[in-house]
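**Q** The sequence shown maps to residues 1 to 219 in full-length UniProt numbering.
Note that CB positions come from ideal geometry on N, CA and C, so glycine has one too.
All figures in this text were calculated on a predicted structure; none of them were measured in a lab.
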Amino acid sequence: MKAISKDYLHQWVRRLSDFKLDSPPIAGLPLSDGELCVRTFKRNDEEKRQVWAKHTDPFLLKFNFLPKGTFENDLSFQRLKDRLRLGIENASGQMIGYVSLKPVRGSSSMAELGICFAADQVSRGYGYRTLKMVLPWAAHTLDLNEIMLEVDFVNAKAISLYNRLGFEKVAQFWQVEDNLKLEALLMSRGSIDGTRYLKNHLELLTWVMICRIKEVEFS
Numbered sequence: 001m002k003a004i005s006k007d008y009l010h011q012w013v014r015r016l017s018d019f020k021l022d023s024p025p026i027a028g029l030p031l032s033d034g035e036l037c038v039r040t041f042k043r044n045d046e047e048k049r050q051v052w053a054k055h056t057d058p059f060l061l062k063f064n065f066l067p068k069g070t071f072e073n074d075l076s077f078q079r080l081k082d083r084l085r086l087g088i089e090n091a092s093g094q095m096i097g098y099v100s101l102k103p104v105r106g107s108s109s110m111a112e113l114g115i116c117f118a119a120d121q122v123s124r125g126y127g128y129r130t131l132k133m134v135l136p137w138a139a140h141t142l143d144l145n146e147i148m149l150e151v152d153f154v155n156a157k158a159i160s161l162y163n164r165l166g167f168e169k170v171a172q173f174w175q176v177e178d179n180l181k182l183e184a185l186l187m188s189r190g191s192i193d194g195t196r197y198l199k200n201h202l203e204l205l206t207w208v209m210i211c212r213i214k215e216v217e218f219s
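#1: Quick check on the burial criterion: 16 or more other C-beta atoms within 10 angstroms. Buried or exposed for residue 156?
#2: Could you have a look at residue 14 and say whether DSSP puts it in helix, strand or coil?
#3: For residue 50, which residues in the same chain have their Cβ closer than 6 Å to its Cβ, ignoring the five residues on either side in sequence?
#4: So what does residue 168 bridge to, in DSSP terms?
#5: Residue ranges of each alpha helix (DSSP H) run of no fewer than 4 residues wholly in the UniProt domain "N-acetyltransferase" (36-192), ordered along the chain?
#6: Tell me the DSSP secondary structure of residue 217 in three-state form.
#7: With a cut-off of 8 Å on the beta carbons, I'd call residue 41 and residue 85 a contact; round off their distance for me.
#8: Measuring only the C-alpha atoms, how far is residue 63 from residue 116?
#9: Please report the distance separating the alpha-carbon of residue 125 from that of residue 167.
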């Protein structure tokens, strides 16, 4: 194993001491429709989403956030500064969801969308209402032209939502899924559209969808 020099350790300590955890204000935020509020993601939101109600659907387990220690959460917050992260609050000020916009390499006018909610906050129309605020804001304030996303073919509700907002499928691919509970479910139920076994591993069919947000009327 290669030895770590004293200088390296000093650099690392200085880096930790210089952590700027909470992001500076972002133009146009917060967004609100009278009930939901979309605002900058804060450092303590890492812990808040880790105590959300958990998804039990095997296809949605990837959206659960497991508890971590303070140091790990500090690192997570710093590491994920490669994207713009937003917290979603309800009328009571409770953080119930999360949105991210990650720059797409090679394009200054496109970002990749990520969105998820606590398990007890889904099927309430919050995703649609959130994106009706975020997408036009991304078009006019961030000056983005296109938003892309990846979604599992089996997630019919999400695909329906994205279609309503003007997203169109442009490609698809098979993605390896490391999920023992999902494998057990498929073994008990048999084949499900959008899933397959290949070389002893499970794969899910994933759609790539794009919305040309400056061409859509989000009224």
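**A** Judging by the given coordinates:
#1: exposed
#2: Per-residue confidence for residue 14 stands at a pLDDT of 49, beneath the threshold of 50, marking its modelled position as unreliable; the derived number appears in the next sentence. For residue 14, the secondary structure class from DSSP, reduced to helix, strand or coil, is helix.
#3: 65, 67
#4: 210
#5: 45-50, 70-79, 126-140, 156-164, 180-189
#6: coil
#7: 4 Å
#8: 7 Å
#9: Using only the alpha carbons, I get a separation of about 17 Å.
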